[in-house]
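Protein chains in written order, with the numbering used here: chain A, 1 to 598; chain B, 1 to 391; chain C, 1 to 186.
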Amino acid sequence: MGVRDLLSPFTAWKNLFRDPVSIRDPLNRAAAPRYRGFHQNDNAKCIGCGTCETICQNGAIDMLPVASIATKQGDSGLRPRIDYGRCCWCALCVDVCMTGSLTMSNAYTWVESDPDAFRFTPGIDKKHWDDEELGYHRPAGHQLTGRVRMHMPEMEAEERIGSFAEIVNGYSVDQAKLEADRCVSCGLCIATCPTHMAIPDYIKAVRDGDYARGVALLYETNPFSGICGRVCTHKCETTCAARHEGDPIAIRWLKRHIMDQVTPGQIRTAIGKPSAPTGKKVAIVGAGPAGLTAAFDLAKQGHAVTVFEALAQPGGMTRWGIPEYRLPYDIIDQDVDIIRSVGVDIRCNVRIGKDITLDELRSTHDVVLLGLGLQLGRATRIPGSDHADVRKAVDLLRQATAGEDFGTPRTAVVIGGGNVAMDIARTLARLQKAVYGEVRVTLTALEERARFLADPEEIKEAGEEGVVILDARGPQQVMVENGKVTGLKTWRVKAIFDEQGRFAPSYDESDEQIHAGSMVVEAIGQMTDASLLGDELTELLTWNRGRIQVDAGGRTSESWLWAVGDMVHGPDVVTAVADGHRVAASIHANLIVTEQRK
Amino acid sequence: MSYVPDRSQYPAKKADGTLDIDLTSGKYLKLWQGPNHPGITGNMSVELTVCGDEVVEGKTHVGYLHRGFEKLMERRTFIQCFPIVCRICVPEPDFNEYCYAAAVEELAGIQSPVRADWIRTLILEMGRINSYMMYLGGQAGAFGLGVIAQWTTYVRDLMLDRFEELTGARIYHMFIMPGGVRDGLPEGFDQRMEETLCEMERTLKDVYEVMFCNAVFKKRSVGVGVIDPAWLEAYGVTGPNARAAGVAKDVRKDQPYLVYSELDFAPVTGQDSDIYTRADVRRRDVLVSIDLIRQILAKMPRSGPLMAKVPNVLHWKIPRGETYIRGECSRGEYGYYLVTDGSGYPRRVNVRGPSYTHAMALLERMIVNVNISDVAGLMVSLHTYPPEIER
Amino acid sequence: MNLSDLYNRLKALFPLGELTEQRPDLAFVTLPAEFLRPTLLHLRDREGFTHLVLLTAVDWLEEGRFQLTYLLSNRTQACDIGLRVMIDRPASGLATMDSIHDIWPTAATYQRELREMFGIDFPGSPRIDEEFILEGWNDIPPYRRDFDTLKYAEASYNQRPGRETRDPATHMKQQLYPDTEPGGKP
Numbered sequence: 001m002g003v004r005d006l007l008s009p010f011t012a013w014k015n016l017f018r019d020p021v022s023i024r025d026p027l028n029r030a031a032a033p034r035y036r037g038f039h040q041n042d043n044a045k046c047i048g049c050g051t052c053e054t055i056c057q058n059g060a061i062d063m064l065p066v067a068s069i070a071t072k073q074g075d076s077g078l079r080p081r082i083d084y085g086r087c088c089w090c091a092l093c094v095d096v097c098m099t100g101s102l103t104m105s106n107a108y109t110w111v112e113s114d115p116d117a118f119r120f121t122p123g124i125d126k127k128h129w130d131d132e133e134l135g136y137h138r139p140a141g142h143q144l145t146g147r148v149r150m151h152m153p154e155m156e157a158e159e160r161i162g163s164f165a166e167i168v169n170g171y172s173v174d175q176a177k178l179e180a181d182r183c184v185s186c187g188l189c190i191a192t193c194p195t196h197m198a199i200p201d202y203i204k205a206v207r208d209g210d211y212a213r214g215v216a217l218l219y220e221t222n223p224f225s226g227i228c229g230r231v232c233t234h235k236c237e238t239t240c241a242a243r244h245e246g247d248p249i250a251i252r253w254l255k256r257h258i259m260d261q262v263t264p265g266q267i268r269t270a271i272g273k274p275s276a277p278t279g280k281k282v283a284i285v286g287a288g289p290a291g292l293t294a295a296f297d298l299a300k301q302g303h304a305v306t307v308f309e310a311l312a313q314p315g316g317m318t319r320w321g322i323p324e325y326r327l328p329y330d331i332i333d334q335d336v337d338i339i340r341s342v343g344v345d346i347r348c349n350v351r352i353g354k355d356i357t358l359d360e361l362r363s364t365h366d367v368v369l370l371g372l373g374l375q376l377g378r379a380t381r382i383p384g385s386d387h388a389d390v391r392k393a394v395d396l397l398r399q400a401t402a403g404e405d406f407g408t409p410r411t412a413v414v415i416g417g418g419n420v421a422m423d424i425a426r427t428l429a430r431l432q433k434a435v436y437g438e439v440r441v442t443l444t445a446l447e448e449r450a451r452f453l454a455d456p457e458e459i460k461e462a463g464e465e466g467v468v469i470l471d472a473r474g475p476q477q478v479m480v481e482n483g484k485v486t487g488l489k490t491w492r493v494k495a496i497f498d499e500q501g502r503f504a505p506s507y508d509e510s511d512e513q514i515h516a517g518s519m520v521v522e523a524i525g526q527m528t529d530a531s532l533l534g535d536e537l538t539e540l541l542t543w544n545r546g547r548i549q550v551d552a553g554g555r556t557s558e559s560w561l562w563a564v565g566d567m568v569h570g571p572d573v574v575t576a577v578a579d580g581h582r583v584a585a586s587i588h589a590n591l592i593v594t595e596q597r598k
Numbered sequence: 001m002s003y004v005p006d007r008s009q010y011p012a013k014k015a016d017g018t019l020d021i022d023l024t025s026g027k028y029l030k031l032w033q034g035p036n037h038p039g040i041t042g043n044m045s046v047e048l049t050v051c052g053d054e055v056v057e058g059k060t061h062v063g064y065l066h067r068g069f070e071k072l073m074e075r076r077t078f079i080q081c082f083p084i085v086c087r088i089c090v091p092e093p094d095f096n097e098y099c100y101a102a103a104v105e106e107l108a109g110i111q112s113p114v115r116a117d118w119i120r121t122l123i124l125e126m127g128r129i130n131s132y133m134m135y136l137g138g139q140a141g142a143f144g145l146g147v148i149a150q151w152t153t154y155v156r157d158l159m160l161d162r163f164e165e166l167t168g169a170r171i172y173h174m175f176i177m178p179g180g181v182r183d184g185l186p187e188g189f190d191q192r193m194e195e196t197l198c199e200m201e202r203t204l205k206d207v208y209e210v211m212f213c214n215a216v217f218k219k220r221s222v223g224v225g226v227i228d229p230a231w232l233e234a235y236g237v238t239g240p241n242a243r244a245a246g247v248a249k250d251v252r253k254d255q256p257y258l259v260y261s262e263l264d265f266a267p268v269t270g271q272d273s274d275i276y277t278r279a280d281v282r283r284r285d286v287l288v289s290i291d292l293i294r295q296i297l298a299k300m301p302r303s304g305p306l307m308a309k310v311p312n313v314l315h316w317k318i319p320r321g322e323t324y325i326r327g328e329c330s331r332g333e334y335g336y337y338l339v340t341d342g343s344g345y346p347r348r349v350n351v352r353g354p355s356y357t358h359a360m361a362l363l364e365r366m367i368v369n370v371n372i373s374d375v376a377g378l379m380v381s382l383h384t385y386p387p388e389i390e391r
Numbered sequence: 001m002n003l004s005d006l007y008n009r010l011k012a013l014f015p016l017g018e019l020t021e022q023r024p025d026l027a028f029v030t031l032p033a034e035f036l037r038p039t040l041l042h043l044r045d046r047e048g049f050t051h052l053v054l055l056t057a058v059d060w061l062e063e064g065r066f067q068l069t070y071l072l073s074n075r076t077q078a079c080d081i082g083l084r085v086m087i088d089r090p091a092s093g094l095a096t097m098d099s100i101h102d103i104w105p106t107a108a109t110y111q112r113e114l115r116e117m118f119g120i121d122f123p124g125s126p127r128i129d130e131e132f133i134l135e136g137w138n139d140i141p142p143y144r145r146d147f148d149t150l151k152y153a154e155a156s157y158n159q160r161p162g163r164e165t166r167d168p169a170t171h172m173k174q175q176l177y178p179d180t181e182p183g184g185k186p
């Protein structure tokens, strides 16, 4: 210890000549651009999925309804209210937000005399930081839930048109688990599903590998899960929370995965035994999804159900309309067998109105339910369309399913842009490939390609299979030469609807094309074949724009007659299933009431 | 005139080596030092039995900061545990985040990306400097030299500004998460960090001149609070406490983690193992860390992923296993022992803070025969942070 | 040091369970409680594992056992070994285990914590009966898995009123399709 140690400390005095380092105005110091400050929520983007509430480790967030925001499809109408007495500003809620609506500003001072004001709903309760641009936003690429869908393996186009084999492979267990892992269980999809399936729960069953529970959940709401797992229109995927910043969960494929993993024995165990017989008899006309779902429910409740099917096999449009490469027949058979197993008697090759009259059914049963579907194809009625080689798509598809050879045309033109048009176009492509070795199918539709009613995957795959798709063209005339159909003349469509919104296509006549074809197929919509009703009954019933009018429970104006499915609501499998449940409940309630009245 | 101490009042030794203290004899005074006392170590206290002005026995008391983190984590999923671990050690929180994230990644079989590892190392070194700055202020303050704390708090604040712009928060960064880190370096960070480091070096020079070349400080710290090198293994002493006793224990060199094997540095050691040497070892350690930060900024990759692909964090399950991840924090060996049981929740998280061994058994051993006035300085020289003792 | 070789050397002397190699430098092995002391002394004095990293417990409630983990480190060889001892978990009262405070004095602190937090007694360990972290605690040892912190918090503290939350799916059902039961039935 020397002189240095005595004098050196005095060097501290040099600070007298330095500027002080105290911040002059601490109250207005701006935080760093990334500072995690107070929350902002873009309430137009927010969908109220509640994932922020789930991840908050302090339980600081509540999801509550807001007066100015209505619940609608894809938006629960709830918005997060954050309790700043609990929040620790970790920003996990911002990281996990499915739409990117929840962000943080870099504001950090808030003075309040009312402590309850510190529970607030960002974006709804106006605050001074609402418009701040700086703050914490989820960094690009920082994802805490998976954003990319597991690719569904399927056949290549060349292999596809070589046969009618199913083109989609289905997920393996590992693939399904990874896809199911992406779900955040918000439940927004449930309201969108017409039959309100317990989607987050069955996705969780896939994650857990608990297929017995999965199939029990499926059968609570949808006895056609095998079919829907392949061909459902998956409206649920349009409201999935994951679609905002990534791909929606492949809900349909996961439903299919569950059905692929279970045995019929497991399904029968899941659905249990029917109740004791009630003695009531129900006749159902049409073994399609609507009729069979109603049959399933009613038979489980103990009623004696007989289903009369005009064609050789049950399934309705799922068998006779949807081609085998989308939906193999043995899947339909499996679903239908389960329905038989609860005691439903399905009689095929029995046409009501021909083999048995409707009056007979009425006299031998307590209730008659019509599930006739939409079996008749609509006609364009353009000149030349009365030729024998101008066919309806539904008829050709029915023949193809039955294995009948309707004379595969060397070239064909399909009119229509919906799923049925794609179905017949791709069926013809396969038949042509088998018979002639090459595909020559042209498809024309009134709509622009982006507005086609068909699923985008169908359009894409049809194109890959060699179907030439021409959009915005309106059919004018079928060209006939020497008694044979040679093609279809079309004009370019300028507009489909007029100023009042009525269906009145207008054309550019100077843009005319002739599409070569020895067969023209109309796939422009379908109608019910209600001829079995007979004139008298048809007069008695009330109709609405060509469809039988029914009440909320599906009952017509005749007290013994109900109607269900496509014939009431238009073509969609899962809507038909939902309708089948609703109508079965209405019938069941009615049967119980009439029993109690006795 | 030379001073001859009167040991007649001093307690005799018993057969097992402990002192024979008869509290009813009137020779002893019980003093309660803590939980708030001069020098900044945190909230813990020592119950001193004093004979004259010499401590004959010390009993440590902790429990003022128990928040029950290890139990809280049993109810939280793995991602939900991540925001709370930083609060276990208040002045140097990043080690918690790193050890927890590394333990989860190891048991889940995930490898954090290279760029994330570089940023993690940068953050850990920044945290180390901050912690040492707090220590230097506390050590000087324990001896009444209050001005040092003013200076070190100032440069600590500058480093907190760097943390703020990098991680989004000043103290509880919540930036190192299982899988990687949250974001990359912002624009202009390198330049502002260099300014901060220069300011730090300038301040450290002032600190050296005013504190370390200070007769009063030297008189009170040289030869005081000696840790016998024989006690190091018995009492689990790690970090600068051990290095000041001549043993070059540094996890960054012994079992390199993150990117330390690519950085050029040597552990700082001292020989005398007293308060002064420990303070000096830490001061020189700051200089090493400043150099490490410069190396990191020069070498780190500026592009690449920041997060590994993790399963959906809302239902992330980790199979049964256990592991221990250690790192070298400013006080010594910091470690997380994590046990998972196949569910989405950790079965057991045990935090091994260096202060757990330093501030309890070691302090009770060292405090015997120490003058009352040196107790505060001694406690601070062990650089204990009580939050990590009782979590 | 190769941990497999170490394991083989130890296995020749003590009845060890299987070795779990977590990393090349970290392994765990289970052994019976009565062989803990000799194994610890052997590792410390003959194999260079002089550093006791931690001593902690894991509550395997569903198996009715506590796992005590003694983690030792050999700094010069840069490796760690964790010794697991499974002890009985009595339905009521304290579990017990031998103290090792004479081997490592620092173990006394860990043992105090385990007694207070898990209810595992280490007879003879210094200050083992004194309150360590908790003051005036009158419930079961809180780190045990059957201690429910949520119930304790709700019973002991007042909640600030005004919290409630809605489930999105249930709320949407009430708003959009209130009259429908699962399966589309009204």
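Don't be surprised by glycine CBs; every beta carbon is placed ideally from N, CA and C.
- If you follow the beta strand (DSSP E) that B/VAL339 is part of, which residue opens it and which one closes it? Per DSSP, B/VAL339 belongs to the beta strand (DSSP E) from 332-340.
- Would you decide whether A/SER76 is buried or exposed? Buried here means 16 or more other CB atoms lie within 10 Å of its CB. Taking all protein chains in view, the Cβ of A/SER76 is crowded by 16 or more other Cβ atoms within 10 Å, so the residue is classified as buried.
- Looking at B/VAL181 and B/LEU263, is the spacing between their C-beta atoms short of 7 Å? Result no, Cβ atoms of B/LEU263 and B/VAL181 do not sit closer than 7 Å.
- State the DSSP-derived secondary structure class of B/PHE212, mapped to helix, strand or coil. Three-state result, B/PHE212: helix.
- Query: Under 7 Å between the Cβ atoms of A/ILE176 and A/VAL206?
  - Reply: Residue identity differs from the one stated: residue 176 of chain A is Ala in this sequence, not Ile. A/ALA176 places its beta carbon less than 7 Å from that of A/VAL206.
- DSSP state of B/LYS309 mapped onto helix, strand, coil: In the structure shown, B/LYS309 sits in coil (DSSP, three-state: anything other than H, G, I, E or B).
- Task: Would you please verify whether the beta carbon of B/LEU197 is less than 7 Å from any beta carbon of chain A?
- Result: Interface with chain A (7 Å Cβ-Cβ cutoff): B/LEU197 is excluded.
- Item | Residue burial classification, B/ILE171 (beta-carbon count within 10 angstroms, cutoff 16) | Flag for B/ILE171 reads exposed.
- Query: Per DSSP, B/PRO346 forms a beta bridge with which residues?
  - Reply: BP columns for B/PRO346 point to B/THR340.
- Task: Can you say whether C/PRO186 is buried or exposed, counting buried as having 16 or more other CB atoms within 10 angstroms of its CB?
- Result: Model confidence at C/PRO186 stands at a pLDDT of 48, short of 50, so the residue's coordinates are unreliable; what they give is reported in the following sentence. Under a 10 Å Cβ-count criterion, C/PRO186 is classified as exposed, with fewer than 16 other Cβ atoms of the shown protein chains found around its own Cβ.
- Ends of the beta strand (DSSP E) at A/LEU102? Looking at the DSSP string, the run of the beta strand (DSSP E) that includes A/LEU102 is 102-104.
- Query: Of all the options B/GLN33, B/ARG243, B/GLY34, B/CYS81, which has the alpha carbon lying nearest to the alpha carbon of A/CYS56?
  - Reply: Comparing C-alpha distances from A/CYS56 to each of B/GLN33, B/ARG243, B/GLY34, B/CYS81 shows the shortest one belongs to B/CYS81.
- Query: By a C-beta neighbour count over all protein chains shown, 10 Å radius and 16 as the cutoff for buried, is A/ASP116 buried or exposed?
  - Reply: Exposed is the call here.
- Check whether the Cβ atoms of A/GLN506 and A/ALA523 lie closer than 7 Å to each other. Here residue 506 of chain A turns out to be Ser, not Gln, going by the sequence shown. No, the pair does not count as a contact, with Cβ atoms beyond the cut-off.
- Query: Taking 7 Å as the CB-CB cut-off, is B/LYS71 touching chain C?
  - Reply: At least one chain C Cβ lies under 7 Å of B/LYS71.
- Could you give the C-beta distance for A/TYR325 and A/ARG160, rounded to a whole number, given that I count them as a contact under 8 Å? Right, their Cβ atoms sit about 7 Å apart.
- Pull out every residue of the segment 162-179 of chain C whose Cβ sits closer than 9 Å to any Cβ of chain A, in chain order. Here the close residues are GLY162, ARG163, GLU164, THR165, ARG166, ASP167, PRO168, ALA169, THR170, HIS171, MET172, LYS173, GLN174, GLN175, LEU176, TYR177, ASP179.
- Task: Measuring only between beta-carbons, confirm whether A/ARG340 sits less than 7 Å from chain B.
- Result: Closer than 7 Å: no.
- Helix, strand or coil for A/LYS392, going by three-state DSSP, please let me know. DSSP places A/LYS392 in the strand class (E or B) of the three-state scheme.
- Note down, in chain order, each residue of its chain lying with its Cβ closer than 7 Å to the Cβ of B/SER112, except the 5 sequence neighbours on either side. Result list for B/SER112: GLU105, GLY179, GLY180, ALA308, in chain order.
- Query: Ordered along the chain, which non-local residues of its own chain (more than five positions away) have a Cβ less than 7 Å from that of C/PHE14?
  - Reply: LEU31, PHE35, PRO38, THR39.
- Query: Taking Cβ-Cβ distances shorter than 8 Å, what residues in chain C pair up with A/ALA607?
  - Reply: In the structure as shown, chain A starts at 1 and stops at 598, and residue 607 of chain A therefore has no counterpart that could be examined.
- Item | Contact list for the segment 161-191 of chain B against chain A, Cβ threshold 7 Å | Those residues of the segment 161-191 of chain B that come within reach of chain A (Cβ to Cβ, closer than 7 Å) are GLU164, GLU165, GLY168, ALA169, MET174, ARG182, ASP183, PRO186.
- Message: Output needed for A/SER518: all residues of its chain with C-beta closer than 8 Å, excluding positions within five of it in sequence on either side, in chain order.
- Response: Residues ASP389, PRO409, ARG410, THR411, ALA412, LYS484, VAL485, THR486 of the same chain have their beta carbon placed closer than 8 Å to that of A/SER518, with the five preceding and five following residues left out of the count.
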